[in-house]
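With the first letter of the sequence shown counted as 1, position 35 gets the number 35 in UniProt numbering; the numbers rise by one all the way through. Here the structure comes first, spelled out in structure tokens, and everything after it is commentary.
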Amino acid sequence: MSRKLTEFQKKVYDFIKEHNEMIVSNVPKNMRGAIPSLKNAGLIETFRKPVTQWASKKKLFVKSINKKHP
């Protein structure tokens, strides 16, 4: 996608990339709003997986996709 990111979106992308795979609830609240636009741009992906092998519920995770930084 040829869309330019805002400075804030770049900051959120760098934060997620620095922490690799993380639970979305561990992303600071003020940064969570940028996740959908980064996902639509193809820079990050979200997925659900259990936190422990005994957990019946799955948590939402986010991680960066290895592409060149915008």
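Think of the CB as a built atom: it goes at the ideal place given N, C-alpha and C, for glycine as much as any other residue.
Give the straight-line distance between the Cα atoms of residue i and residue j, rounded to the nearest whole angstrom.
i, j, result
"K58", "E45", "16 Å"
"D14", "W54", "32 Å"
"K39", "E21", "14 Å"
"K29", "V12", "11 Å"
"T6", "G33", "13 Å"
If you follow the beta strand (DSSP E) that residue i is part of, which residue opens it and which one closes it?
i, result
"P36", "Note, P36: premise wrong, no beta strand (DSSP E); alpha helix (DSSP H) at 35-40."
"V62", "58-64"
What are the start and end residues of the alpha helix (DSSP H) that includes residue i?
i, result
"K17", "7-18"
Buried or exposed, going by whether 16 or more other CB atoms sit within 10 Å of the CB of residue i?
i, result
"I16", "buried"
"V51", "exposed"
"I35", "buried"
Thinking just about the alpha-carbon of each residue, which of the options is nearest to the one in residue i?
i, options, result
"F47", "S56, I35, L60", "L60"
"K49", "V62, S37, G42", "V62"
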